[in-house]
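Counting from 0, one number per residue, gives the positions in the sequence shown under numbering that gives the first Met the number 0.
Just below is one structure, and these are the notes that go with it.
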Amino acid sequence: MLEDLMSLFPPVRKTGGTCFILACMLFLPGITGAQSPQDRTATETDMTESVVAMTGEIERTSDPRPFSVPLPVSKSPFDYRTLDPADFVLEARRVNAAIQVDGHLDEAEWQQADVAKDFFQLEPVEGAPATYPTEVRVMYDDKNLYVGFVCFDPNPEQIMAPDMQRDTRMSWSNDMVTVVIASLDHYREAFEFQTNPNGARSDSFVSAEGNNTDRDWNGLWNAASQVYDYGWSAEYVIPFHTLRFPDRGDQTWGINFGRRIQRNREESFWVPLSLRDGDQALYRFGKGGRLTTLSDITPGGRVQATPFTVLGGQSSRFTETAPSPVQPIAATALDNDMQRKLGGDLKVSVTSGMTLNATVNPDFAQVEADDEVVNLSRFEFQFTEKRPFFLERSDIFTLNERPQRRGPQRNFGDLTPQLFFSRRVGRQLPDGQTVPIDLGMRLTGKLGRTTVGFLNVQTRETQYDDDGEEKTEPLTNWQALRVRQDFGSRSSVGMLATFKEPNPRFDDRVGMALPRYAESDYNRVLGFDLNLASQATNHRGQITFAKSWTDTVSTSNQDWTFRIIERWQNRWLMYGVSYLNIGEDFISQTGLVRDEGLQRIGGGLTANTFLRRFGIRRINGGFRSNYVTRKDTDFSDADSWSFSPNVFLELERGLWISAS
Numbered sequence: 000m001l002e003d004l005m006s007l008f009p010p011v012r013k014t015g016g017t018c019f020i021l022a023c024m025l026f027l028p029g030i031t032g033a034q035s036p037q038d039r040t041a042t043e044t045d046m047t048e049s050v051v052a053m054t055g056e057i058e059r060t061s062d063p064r065p066f067s068v069p070l071p072v073s074k075s076p077f078d079y080r081t082l083d084p085a086d087f088v089l090e091a092r093r094v095n096a097a098i099q100v101d102g103h104l105d106e107a108e109w110q111q112a113d114v115a116k117d118f119f120q121l122e123p124v125e126g127a128p129a130t131y132p133t134e135v136r137v138m139y140d141d142k143n144l145y146v147g148f149v150c151f152d153p154n155p156e157q158i159m160a161p162d163m164q165r166d167t168r169m170s171w172s173n174d175m176v177t178v179v180i181a182s183l184d185h186y187r188e189a190f191e192f193q194t195n196p197n198g199a200r201s202d203s204f205v206s207a208e209g210n211n212t213d214r215d216w217n218g219l220w221n222a223a224s225q226v227y228d229y230g231w232s233a234e235y236v237i238p239f240h241t242l243r244f245p246d247r248g249d250q251t252w253g254i255n256f257g258r259r260i261q262r263n264r265e266e267s268f269w270v271p272l273s274l275r276d277g278d279q280a281l282y283r284f285g286k287g288g289r290l291t292t293l294s295d296i297t298p299g300g301r302v303q304a305t306p307f308t309v310l311g312g313q314s315s316r317f318t319e320t321a322p323s324p325v326q327p328i329a330a331t332a333l334d335n336d337m338q339r340k341l342g343g344d345l346k347v348s349v350t351s352g353m354t355l356n357a358t359v360n361p362d363f364a365q366v367e368a369d370d371e372v373v374n375l376s377r378f379e380f381q382f383t384e385k386r387p388f389f390l391e392r393s394d395i396f397t398l399n400e401r402p403q404r405r406g407p408q409r410n411f412g413d414l415t416p417q418l419f420f421s422r423r424v425g426r427q428l429p430d431g432q433t434v435p436i437d438l439g440m441r442l443t444g445k446l447g448r449t450t451v452g453f454l455n456v457q458t459r460e461t462q463y464d465d466d467g468e469e470k471t472e473p474l475t476n477w478q479a480l481r482v483r484q485d486f487g488s489r490s491s492v493g494m495l496a497t498f499k500e501p502n503p504r505f506d507d508r509v510g511m512a513l514p515r516y517a518e519s520d521y522n523r524v525l526g527f528d529l530n531l532a533s534q535a536t537n538h539r540g541q542i543t544f545a546k547s548w549t550d551t552v553s554t555s556n557q558d559w560t561f562r563i564i565e566r567w568q569n570r571w572l573m574y575g576v577s578y579l580n581i582g583e584d585f586i587s588q589t590g591l592v593r594d595e596g597l598q599r600i601g602g603g604l605t606a607n608t609f610l611r612r613f614g615i616r617r618i619n620g621g622f623r624s625n626y627v628t629r630k631d632t633d634f635s636d637a638d639s640w641s642f643s644p645n646v647f648l649e650l651e652r653g654l655w656i657s658a659s
């Protein structure tokens, strides 16, 4: 029991002596910590029956189950032009009995739930009925949403499920199922939950109909799976406080279900998808998929508090007197220093769509360290953010889309400036120290059709050694404000402002760093973005503009950056063109600007063909090209020019061969 308790605490760095940790979670009515006792059955289900055996084979049971025989399904191909949202409505069944999440789906309530059962392929044959039947049922009680999958397969010994790790990319190597839930109005944001026959879990939060994907989002939910002689089943439990939805009596959510059969590389969905809608077709809920009859539920879990304290001691031995002829042995003494650290995190659901995060003296000791990187390029290397405080809804604080694409990645924005790069806050200094964060606050979420994000962080004054020279990192206030307004069916307009203010003054009454719009020693950036997406076609366009104002000891200037990009994709082709202009004096001290004083024209074309001959399943080929010139030279005088052809072959055996 003690080992289980201690395993909940993060490791603590120490330089000497002994360290002790004391932490606690607060659970009060209407207040939840990371996991309440009532949710324990939902999040600590015994899943040992679904673990891969040491032989690498999936354990199976031959016991008869209620769903061992599939219901009749459609055998006719689906014509995507006839898609009618009214045909894809699933009723959720309310239950009062306890549901044990073990993957068996053997409670009587499952047999009485509405069924989603006609699945159609996206790949390899778009619109064809799924090779094997899949049935999905949804139930709920006062606290949780339950989703049950039954995946029929006449050859369960061929089911592929090598992964058990959390948040692994299961879609590349596993049989798996996925559920996507768009619980907020207008269906622009969605939560995605995936599991495989081992009960491994992966989740993400997607916004802008999938054009921004946050794979670092980790919700509180659980899944368990079982493999039978007739296939396999999966059972989800998703607490309502993991989701975000309007606080009203009756709910109607966007929803879709998918299944992947790895040995066939087959993907099928309840609401049929078409590659003509592009890589993000799964998240276009305007075309159907509704979960109804949800009533008398609340998001719950309004407040989560995590206080902590770290106590430690450091002992240093120093010399009191140097050796001498009279006393040949130096006299030493021991200096004992008691160290203590107090802090905590607070998470409050302000509204059904807005979340407030606050932190005091945060401890990131348990965060995974960065990999060692040898950077041979002239550009700064971009390390990914891993600190929990900055991860959730980090997609809000950017003007650039971050899509999660299928297949080979396409990128038209390597040099595009990021106005806010959270790794700047609490950065690592040249001598290895990390600038401590004293206070931090984030307010993120959505109000109706308006997305809002505000961040305010105070970092501590820190002395450090820079190659033998003693320097000081000043006490600094960092701020970012983001507002984005949706309009039309798929378009939006927004702004992003960032502020870096060294030596900000404190308000003595609240003890919190407040904005200080000083006349000197600052960096401020104001940016705007316009995103246009056609409902009738797959054209997407984006225009971004930003201007910076900088006044420091060494410089005082202002400049701007501008980018325009247009993309289009259908079942077979995808192209993109872009233009980028970065001023010579454009500075974003809160962001990441790899280069300045340049113009770049970029473009690319990709073709995707299902061949299904000569052992080749798919051919994906194309090119990318970039032309870069400096702003202080003639446009015809190229600084660099690149043309990068590439080809990907996917074999019927599941192997990829690439050349570029």
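Heads up, the beta-carbon is just placed ideally off N, CA and C, and yes, glycines get one too.
From a predicted model like this one, the values you see are computed outputs, not experimental measurements.
**Separation of aspartate 437 from glutamine 665, as counted between CA atoms** = Past the boundaries of the shown model lies residue 665; the chain is included only from 0 to 659, so the question cannot be answered.
**Asked** Considering phenylalanine 388, what are the terminal residues of the alpha helix (DSSP H) in which it resides?
**Response** Run containing phenylalanine 388: 387 to 390, per the alpha helix (DSSP H) assignment.
**Request:** Would you check if the distance between the CB atom of arginine 243 and the CB atom of glycine 352 is smaller than 8 Å?
**Result:** In this structure, arginine 243 sits near glycine 352, with a CB-CB distance shorter than 8 Å.
**Backbone secondary structure at aspartate 276 - three-state DSSP** = helix
**Message:** Does the region 78 to 94 come into contact with the region 202 to 209, if we say contact requires no fewer than three beta-carbon pairs (one atom in each stretch) closer than 8 Å?
**Reply:** Touching, no, given that fewer than three Cβ pairs across the two stretches are closer than 8 Å.
**Whole-number beta carbon distance between serine 224 and asparagine 195, since they are thought to touch under 8 Å** = 7 Å
**Request:** Measure the CB-CB distance between threonine 133 and serine 232 and report whether it falls below 8 Å.
**Result:** no
**Request:** Counting only the same chain and skipping the five closest in sequence on each side, list residues whose C-beta sits under 6 Å from that of phenylalanine 419.
**Result:** Phe396, Ala479, Thr497, Thr589, Gly590
**Status (buried if at least 16 other CB within 10 Å, exposed otherwise) for leucine 272** = buried
**Request:** Kindly indicate which residue of Gln365, Pro416, Phe389, Arg617 has the alpha-carbon position closest to the one of alanine 357.
**Result:** Phe389
**Request:** State the start and end residues of the unbroken beta strand (DSSP E) segment that holds tryptophan 703.
**Result:** With the chain covering only 0 through 659, there is no way to say anything about residue 703.
**Message:** Which residue wins for smallest C-alpha separation from leucine 281, given the options Ile180, Trp216, Val226?
**Reply:** Ile180
**Message:** With H, G and I counted as helix, E and B as strand and the rest as coil, what does DSSP make of phenylalanine 613?
**Reply:** coil
**Request:** Answer yes or no: do aspartate 113 and arginine 93 have a C-beta to C-beta separation smaller than 8 Å?
**Result:** Going by C-beta atoms, aspartate 113 is not nearer than 8 Å to arginine 93.
**Item:** Helix, strand or coil at lysine 630 according to DSSP, with G and I counted as helix
**Value:** Coil, per DSSP.
**Asked** Along the chain, where does the beta strand (DSSP E) that runs through leucine 82 open and close?
**Response** Segment: none, leucine 82 is in no beta strand (DSSP E) and carries neither H nor E.
**Message:** Measuring straight from C-alpha to C-alpha, what distance separates glutamine 598 and leucine 579?
**Reply:** The alpha-carbon atoms of glutamine 598 and leucine 579 are separated by roughly 6 Å.
**Collapsed DSSP secondary structure at asparagine 195 in the structure displayed** = coil
**Message:** Which of the three DSSP states is assigned to tyrosine 665 in this structure?
**Reply:** Residue numbering for the chain in the displayed model covers 0 to 659; residue 665 lies beyond these limits and cannot be assessed.
**Prompt:** Using DSSP with H/G/I as helix, E/B as strand and the rest coil, what is arginine 422?
**Reply:** helix
**Asked** At what residues does the beta strand (DSSP E) containing asparagine 556 begin and finish?
**Response** Its beta strand (DSSP E) spans residues 555 to 568.
**Item:** Backbone CA spacing between glycine 526 and threonine 560 [nearest angstrom]
**Value:** 9 Å
**Request:** Output the distance between the C-alpha atoms of tyrosine 521 and glycine 596, rounded to the nearest integer angstrom.
**Result:** 21 Å
**Item:** Which listed residue (Lys340, Gly285, Ser73) has its alpha carbon closest to that of glutamine 534
**Value:** Gly285
**Message:** Looking only at its chain, what residues have a beta carbon closer than 6 Å to the beta carbon of phenylalanine 453, apart from the 5 residues adjacent to it on each side?
**Reply:** Leu442, Leu480
**Message:** Quick check: the Cα distance between glutamine 557 and aspartate 550, rounded to an integer number of angstroms?
**Reply:** 9 Å
**Request:** Would you kindly check if the distance between the Cβ of glycine 603 and the Cβ of tyrosine 574 is under 8 Å?
**Result:** yes
**Prompt:** When we look at the beta-carbon of valine 68 and count the other beta-carbons within 10 Å, is it buried (16 or more) or exposed?
**Reply:** exposed
**Message:** Here's the rule I'm using: 16 or more other beta-carbon atoms within 10 Å means buried, otherwise exposed. How should phenylalanine 642 be labelled?
**Reply:** Flag for phenylalanine 642 reads exposed.
**Prompt:** Can the beta-carbon of glycine 288 be found less than 8 Å from the beta-carbon of phenylalanine 119?
**Reply:** No.
**Asked** When the Cα of glutamate 108 is compared with those of Ala97, Gly102, Ala115, Thr350, which residue comes out closest?
**Response** Ala97
**Asked** Would you report the Cα separation of glutamate 43 and phenylalanine 239, rounded to the nearest angstrom?
**Response** Only weak support is given to the placement of glutamate 43: the predicted model assigns it a pLDDT of 37, under 50, and the value that follows is read from those uncertain coordinates. In this model, glutamate 43 and phenylalanine 239 are separated by some 17 Å (Cα to Cα).
**Asked** Which residues in the same chain have their Cβ closer than 6 Å to the Cβ of aspartate 661, if we skip the five residues on either side of it in sequence?
**Response** Given a span of 0 to 659 for the chain in the structure shown, any question on residue 661 remains unanswerable.
**Prompt:** Out of Asp246, Asp394, Glu384, which has the shortest C-alpha to C-alpha gap to leucine 183?
**Reply:** Asp246
**Local Cβ density within 10 Å of leucine 290, reported as buried at 16 or more and exposed below that** = buried
**Proximity winner among Asp152, Arg539, Thr241, relative to phenylalanine 192 (alpha-carbon distances)** = Checking every option, the nearest Cα to that of phenylalanine 192 belongs to Thr241.
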